[in-house]
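Presented below is the structure to which this report refers.
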Amino acid sequence: MGLQDEVELLKRIPLFSGMEDSKLKLLAFTSERLTFADGETLCEEGEIGTRAFIIVSGEADVVVATPDGPQRVARVTSNDFVGEIAILCDTPRTATVRAVGEVVTLAISKDLFLRLIEEFPHMAVEIMRVLASRLERTTKALAQANIQAAAGPAPTAADA
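Start counting the sequence shown at 625; every next residue gets the next number (my numbering).
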């Protein structure tokens, strides 16, 4: 994929849609193209985040550690953006992101990402929308899990 192809990809991502082509070219040029094999980890829960990832192609599972073991909370795919929470909040990564099949990404450094937000305030608004949407989904999933836990285990054939 050439530089212009990467610019076209970035234009399709709402976070970057309002940027000028010259800035998108700079972003594409300064980002690092990384390919991950099936099962390979893009980022690990608990690590310090130094970059975020744009999924160019493929899919990845977003997994969090729970007392009952790893729990998949989302699946990301082409044009999705992951890893931004750790670099925005200066906190350890909140989840592990693992490739499902081959995944191609553009990795954006923390410094570049923060400079872009300063220069393009609409990015901050779009990031808030994405994070609010994720929070809403997480809250609903947590409420559903609490309801199921309160109800107890589902009856089995052996219980009948």
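From the three backbone atoms N, C-alpha and C, an ideal C-beta is built for every residue, glycine too. Computed from a predicted model, the values in this text were never measured in an experiment.
- Taking the C-beta atoms as reference points, Val686 is found nearer than 9 Å to Ala698.
- The region 648-661 and the region 706-718 do not touch, with fewer than 3 CB-CB distances between them shorter than 8 Å.
- Non-local beta-carbon contacts of Val688 in its own chain, meaning distances under 8 Å to residues more than five positions away in sequence, involve Glu669, Pro694, Gln695, Val697, Thr718, Ala719 and Thr720 in chain order.
- The Cβ atoms of Gly776 and Val727 do not sit closer than 9 Å to each other.
- By DSSP's assignment, Arg696 forms a beta bridge with Val687.
- Between Leu651 and Leu740, the C-beta gap is smaller than 9 Å, which places the two residues in contact.
- The residue among Leu738, Ala723, Lys635 and Val749 with its C-alpha nearest the C-alpha of Glu664 is Ala723.
- When secondary structure is reduced to three states using DSSP, Ser757 falls in the helix class.
- Per DSSP, Ser733 is one residue of the beta strand (DSSP E) stretching across Thr720 to Ser733.
- Taking the Cα positions, Val749 is about 23 Å away from Glu630.
- Bridge pairing for Ser681: Val728 [DSSP].
- Here Arg717 carries a coil assignment [DSSP, helix/strand/coil].
- Around Phe744, the same chain offers Gly642, Met643 and Lys647 as residues with beta carbons nearer than 8 Å, after the five sequence neighbours per side are excluded.
- In this structure, Leu627 lies near Phe653, with their beta-carbon atoms less than 9 Å apart.
- Taking C-beta separations shorter than 7 Å and ignoring five residues to either side along the sequence, the partners of Glu671 in its chain run Pro716 and Arg717, following chain order.
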